[in-house]
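**Student:** Residue numbers (UniProt numbering): 1 to 336.
Note that the Cβ used here is the ideal one computed from N, Cα and C, for glycine as well.
Okay, here's the structure, questions in a sec.
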């Protein structure tokens with residue numbers, strides 16, 4: 001095993017440490033600007049920087065957060081005290097990460113489906129990010145459920161891109177977060193979500209193997225298995241947990257860990273589902289890598305008002321603590 005392989009395994013273990021999760025603060029400039037506008041904040045490079053400074057300087061953040069995923073803009077910015085973001089979070093004991101894909105674009109030949117781009121020039125970008133302090137990276141593939149979707153072509157194309165990205169990360173000494181997201185959008189049943197997610201995961205596992213990716217040096221960031229947001233049914237946390245773990249059982253024990261995305265679930269539901277997942281015994285740790293479920297309450301509480309800065313941090317702290325407690329639940333049950 002090379003020194004980089006050993007380092008990747010150590011970082012992956014740190015990212016999935018008991019009782020801690022990953023904060024996803026990697027919204028694109030367009031997405032973040034839209035969310036700021038909705039909160040009544042004029043979008044600009046400085047307002048985006050101020051918002052993310054609010055997040056990373058939240059008191060006690062490192063108690064429940066092992067890593068923070070940034071976008072390229074933020075990783076190149078500095079806090080108001082002059083420290084680069086990567087340096088500031090490392091000083092807190094939190095690992096800085098970077099989203100390296102360039103987004104989901106229409107896939108030629110597959111109407112209505114996408115392929116995530118960003119492989120061109122990736123090794124050079126990874127080397128740069130490692131040089132300025134990043135410890136891990138993230139790449140997201142997106143799949144939407146419809147009558148005839150996702151197609152095998154979409155699944156195969158995106159699985160291959162995820163695996164090539166993961167291999168490039170490990171060669172650069174960065175831990176890849178592998179995110180195959182089956183969207184909640186639609187009226188599908190929880191059973192249909194399970195079928196599609198299982199097919200996607202099977203393709204991703206095959207491609208990771210073909211690219212000789214070390215599973216002990218990656219973190220899987222999957223969706224939970226739920227019904228679509230337009231479905232009349234509403235699964236219980238126990239049903240979500242049962243279906244999710246059943247799909248995940250196909251992953252080998254050497255996988256470093258699983259950090260679930262929230263996928264647009266209401267914050268309370270995402271936390272309840274995470275708690276239910278901890279009732280299952282699995283060979284890998286189960287934790288969170290939430291974005292909206294953690295940061296939306298903070299953004300709403302702050303709203304760009306300097307006098308409500310602490311309110312935004314309090315809101316973030318409350319939701320981080322709730323999910324960290326959920327992620328710690330299995331360890332607490334085992335020691336009881």
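Roughly how many angstroms separate the alpha carbons of residue 219 and residue 259, rounded to a whole number?
**Tutor:** Residue 219 sits at position 219 when you count from the first residue of the chain shown. Residue 259 sits at position 259 when you count from the first residue of the chain shown. About 7 angstroms.
**Student:** Straight-line CA distance for residue 76 to residue 232?
**Tutor:** Sequence index remark: in the chain shown, residue 76 carries index 76 (1-based). Sequence index remark: in the chain shown, residue 232 carries index 232 (1-based). Whole-angstrom Cα-Cα distance: 44 angstroms.
**Student:** So what's residue 10 in DSSP terms, helix, strand or just coil?
**Tutor:** Translated into the one-based positions of the chain shown, residue 10 becomes position 10. Looking at residue 10 - three-state DSSP - the assignment turns out to be helix.
**Student:** Out of 182, 190, 216, state which residue places its alpha-carbon closest to the alpha-carbon of residue 262.
**Tutor:** Here residue 262 refers to the residue found at position 262 of the chain shown. Closest by alpha carbon: 182.
**Student:** Use the C-beta contact count for residue 210: other C-beta atoms within 10 angstroms, 16 or more gives buried, fewer gives exposed.
**Tutor:** Walking along the chain shown from the start, residue 210 turns up at place 210. Exposed.
**Student:** Which whole-angstrom value is the C-beta distance of residue 329 and residue 278, which I expect to be below 8 angstroms?
**Tutor:** Start at 1 with the first residue of the chain shown, and residue 329 comes out as number 329. Start at 1 with the first residue of the chain shown, and residue 278 comes out as number 278. Taking C-beta atoms under 8 angstroms as the contact rule, residue 329 and residue 278 qualify, at a distance of about 4 angstroms.
**Student:** Report the start-end ranges of each beta strand (DSSP E) in the segment 205 to 268 that is 3 residues or longer and not cut off at the edges.
**Tutor:** 257 to 260
**Student:** Since residue 125 sits in a beta bridge, which residues does DSSP pair it with?
**Tutor:** If you number the chain shown from 1, residue 125 lands on position 125. Paired residue(s): none; residue 125 is not in a bridge.
**Student:** Report the three-state DSSP secondary structure of residue 117 (helix, strand or coil).
**Tutor:** For the purposes of this step, residue 117 is taken as the residue at position 117 of the chain shown. Looking at residue 117 - three-state DSSP - the assignment turns out to be strand.
**Student:** Between the alpha carbons of residue 216 and residue 9, how many angstroms are there, rounded?
**Tutor:** Within the chain shown, numbered from 1, the residue matching residue 216 stands at position 216. Within the chain shown, numbered from 1, the residue matching residue 9 stands at position 9. Spanning the two alpha carbons is a distance of roughly 6 angstroms.
**Student:** Alpha carbon to alpha carbon, how far is residue 203 from residue 241?
**Tutor:** On the chain shown, residue 203 is found 203 positions in, with the first residue counted as 1. On the chain shown, residue 241 is found 241 positions in, with the first residue counted as 1. Near 22 angstroms, if we compare the C-alpha coordinates of residue 241 and residue 203.
**Student:** For residue 80, which three-state DSSP category applies?
**Tutor:** As a position in the chain shown, residue 80 is number 80, starting the count at 1. Here residue 80 sits in coil by DSSP.
**Student:** Which of the three DSSP states is assigned to residue 335 in this structure?
**Tutor:** Numbered from its first residue, the chain shown carries residue 335 at position 335. Because residue 335 carries a pLDDT of 49, less than 50, the predicted location of this residue cannot be relied on, and no value is offered for it.
**Student:** When the Cα atoms are used, what is the spatial distance from residue 38 to residue 180?
**Tutor:** For the purposes of this step, residue 38 is identified with residue 38 of the chain shown, where counting begins at 1. For the purposes of this step, residue 180 is identified with residue 180 of the chain shown, where counting begins at 1. Near 28 angstroms, if we compare the C-alpha coordinates of residue 180 and residue 38.
**Student:** Might you give, ordered along the chain, the residues of its own chain that have their beta carbon closer than 7 angstroms to the beta carbon of residue 164, omitting 5 neighbours on each side?
**Tutor:** The residue given as residue 164 occupies position 164 in the chain shown. The answer, listed in chain order, is 119, 211.
**Student:** The beta strand (DSSP E) that contains residue 180, what's its start and end?
**Tutor:** Reading the chain shown from its first residue, position 180 is the one you call residue 180. Looking at the DSSP string, the run of the beta strand (DSSP E) that includes residue 180 is 175 to 182.
**Student:** Verify whether the separation of the beta carbon atoms of residue 247 and residue 310 is less than 9 angstroms.
**Tutor:** The residue labelled residue 247 in the question sits at position 247 within the chain shown. The residue labelled residue 310 in the question sits at position 310 within the chain shown. No, the pair does not count as a contact, with Cβ atoms beyond the cut-off.
**Student:** Among the residues of its own chain, which have a CB less than 8 angstroms from the CB of residue 308, if the five just before and after it don't count?
**Tutor:** Reading the chain shown from its first residue, position 308 is the one you call residue 308. Here the set comprises 301, 302.
**Student:** Under a Cβ-count criterion, where at least 16 other Cβ atoms within 10 Å of its own Cβ denotes burial, should residue 176 be classed as buried or exposed?
**Tutor:** Position 176 of the chain shown, counted from the first residue, corresponds to residue 176. Buried is the call here.
**Student:** On a Cα-Cα basis, can you pick out the residue from 304, 139, 284 that is closest to residue 166?
**Tutor:** Your numbering for residue 166 matches position 166 in the chain shown. Ranking 304, 139, 284 by Cα distance to residue 166 puts 139 first.
**Student:** DSSP puts residue 143 in a beta bridge; with which residues?
**Tutor:** The residue given as residue 143 occupies position 143 in the chain shown. Answer is 182, bridged to residue 143.
**Student:** Taking a contact to mean a Cβ-Cβ separation below 9 angstroms, would you say residue 65 touches residue 88 in this structure?
**Tutor:** Along the chain shown, one-based indexing puts residue 65 at 65. Along the chain shown, one-based indexing puts residue 88 at 88. No, these two residues do not count as a Cβ contact at 9 angstroms.
**Student:** Less than 7 angstroms between C-beta atoms, sequence neighbours within five positions excluded: which residues of the same chain meet that for residue 156?
**Tutor:** Looking up residue 156 in the chain shown gives position 156. Cβ within range, chain order: 203.
**Student:** For residue 286, write down the residues that DSSP places opposite it in a beta bridge.
**Tutor:** As a position in the chain shown, residue 286 is number 286, starting the count at 1. In DSSP, residue 286 forms a bridge with 258.
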